[in-house]
Amino acid sequence: MADKKTIFVTGATSGVGLKMTELLVAQGHIVYATGRNTVALKALERLGAIVIQADLTNLTAIDEVCAQLPPLDVAILSAGVGKFGMAPTLSDEEISQMVNLNVSVPIYLAKRLTLPMIQRQQGHLIFIGSQAGKVATPKASVYAATKHAIVGFTNGLRMELAPYQIKVTAIHPGPIDTPFLDKASDDSGYRASLGRFLLTAEEVAQATVKTIKRPVREVNLPKIMGLSSKLYALAPAAIEFLGKSFFNKK
8 MADKKTIFVT GATSGVGLKM TELLVAQGHI VYATGRNTVA LKALERLGAI VIQADLTNLT
68 AIDEVCAQLP PLDVAILSAG VGKFGMAPTL SDEEISQMVN LNVSVPIYLA KRLTLPMIQR
128 QQGHLIFIGS QAGKVATPKA SVYAATKHAI VGFTNGLRME LAPYQIKVTA IHPGPIDTPF
188 LDKASDDSGY RASLGRFLLT AEEVAQATVK TIKRPVREVN LPKIMGLSSK LYALAPAAIE
248 FLGKSFFNKK
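The numbering used here puts the last residue of the sequence shown at 257; the count rises by one with no breaks.
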């Protein structure tokens, strides 16, 4: 493969991270995949990925994983967790898990992974964010806060790393048909209520992988939600009123 790249993927054992890893390996890239599910990691290893079992919520584990990585062309930070519910009803543990895995972990990783990229004057960081980072909704206030943090971090990091020829891309999907959705919501009817707005993991994975060849600032999926987030920035009260029935589907 003429354009073979060395790529690191977090959250590689389920959902979008899994589909991206499978797709990248099939394309002939050298893929380092990390996650906690040993069964899924073994399956990825059989496909040709280089796997690293780790719990990235532990700083020592982050350092150990980074120490095993060669110089990277691309890092895709996909690991994340969500739990829907009004902020006062969430447990401290649920809040801590979301803040840690969705905010602290990608920032800690980016800090470590960009230093070698700066030295080499090349690289590409891809963050899996969420439309929740653009438009907050009821029962997702804490989750939205963590994804708003990724919007701010990627926007600032992009400017910081531009002088070193390092690209930063943020992928902001809407709801995705993955096990994440089942874990996040206690409402069994939530998935069905999303209808045509529900993305597949394959759609998000393919859109993300495309940005490796053609880096862009961000990708919003589905496009209608990307448009809604732009309108929300201009008229938040109006969008909250018009979207009330959809926002309250959780």
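Don't be surprised by glycine CBs; every beta carbon is placed ideally from N, CA and C. Just so it is clear, the structure is predicted and the values come from calculations on it, not from any experiment.
| Asked | Found |
| --- | --- |
| Alpha-carbon spacing of P95 relative to A147, whole angstroms | 11 Å |
| Alpha-carbon to alpha-carbon, S236 and A68 | 36 Å |
| Buried versus exposed call for Y10 [16 or more other C-beta atoms within 10 Å across all chains shown] | Before going further, note that residue 10 is Asp rather than Tyr in the sequence given. D10 should be labelled exposed. |
| Contact between the segment 13-28 and the segment 39-55 (3+ Cβ pairs under 8 Å) | yes |
| V16 versus D99 - alpha carbon distance | 28 Å |
| Straight-line Cα distance separating T176 from F134 | 6 Å |
| Environment of A117 [buried if 16+ CB atoms lie within 10 Å] | buried |
| Assigned secondary structure, K174 (DSSP; H/G/I helix, E/B strand, else coil) | strand |
| Three-state secondary structure assigned by DSSP to H36 | coil |
| Where the beta strand (DSSP E) through Q60 begins and ends | I57 to Q60 |
| Closest residue to Q128 among M232, R224 and K174 (Cα-Cα distance) | K174 |
| Where the beta strand (DSSP E) containing N162 begins and where it ends | Where N162 is concerned, there is no enclosing beta strand (DSSP E), although the alpha helix (DSSP H) it sits in stretches over S148 to L168. |
| Whole runs of the beta strand (DSSP E) within the segment 57-92, excluding any shorter than 3 residues | 57-60 and 81-84 |
| Rounded separation between T311 and M27 - CA only | Here the chain has residues from 8 to 257 only, and residue 311 is not among them. |
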